[in-house]
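Note that our numbering has the sequence shown beginning at 553, numbered continuously upward.
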Amino acid sequence: MNKFDEIMEALIGMRDYEKGLFEIYSSFSQRFNEHKDFWHTISIDENTHALMVDTFIALYKNGDISFYDRDFNPLQIKEDVNKLNSFKQKMRESNISSSEVIKFALQTESSVTEEDLYRTKDSDPPEFKKFLTILYEDSKKHYDRIKKLQKLNG
553 MNKFDEIMEA LIGMRDYEKG LFEIYSSFSQ RFNEHKDFWH TISIDENTHA LMVDTFIALY
613 KNGDISFYDR DFNPLQIKED VNKLNSFKQK MRESNISSSE VIKFALQTES SVTEEDLYRT
673 KDSDPPEFKK FLTILYEDSK KHYDRIKKLQ KLNG
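In structure tokens form, the structure reads like this:
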């Protein structure tokens, strides 16, 4: 696989990851009425992130932005997307408790994709640095909010 295709695969994986989180958190808001607004707010952030990645995909395809100095890890992203898909399947097949949902969300918001990939690098284009900073900060906020919810639920 050439560098262009590797970067494109990583960007598409990032978008799929954010879309997957949007779908999962939206589902949580529908399943757990007592925390509907909580999960809905986080799901909106994830949808916004997916739309932002779409913008970078378009910029990259058009040659308006370059990531040749960035070492994306498309295999790790794919692994994290597969974890999301497995969890979605589990949600369809069984009745998942609020504590399982919170545990999953905490693991997800501190995943390798969220922790490592979304950190800025010196070589990142300025627009991408700003985007990654938003993603990274939102992940930290989500983690902290979910941790508080975990404490409230005991």
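Heads up, the beta-carbon is just placed ideally off N, CA and C, and yes, glycines get one too.
Go ahead and label residue i buried or exposed: buried means 16 or more other beta carbons lie within 10 angstroms of its beta carbon, across all protein chains shown.
{"i": "Y620", "result": "exposed"}
{"i": "G615", "result": "exposed"}
{"i": "A610", "result": "exposed"}
{"i": "K571", "result": "buried"}
{"i": "F680", "result": "buried"}
{"i": "R567", "result": "buried"}
{"i": "M604", "result": "buried"}
{"i": "L573", "result": "buried"}
Does DSSP classify residue i as helix, strand or coil?
{"i": "D668", "result": "helix"}
{"i": "G572", "result": "helix"}
{"i": "F624", "result": "coil"}
{"i": "S638", "result": "helix"}
{"i": "S579", "result": "helix"}
{"i": "K710", "result": "The displayed coordinates of the chain run from 553 to 706. Any statement about residue 710 would go beyond what the structure contains."}
Name the two residues that bound the continuous alpha helix (DSSP H) containing residue i.
{"i": "N647", "result": "Segment: none, N647 is in no alpha helix (DSSP H) and carries neither H nor E."}
{"i": "I686", "result": "678 to 705"}
{"i": "I594", "result": "588 to 613"}
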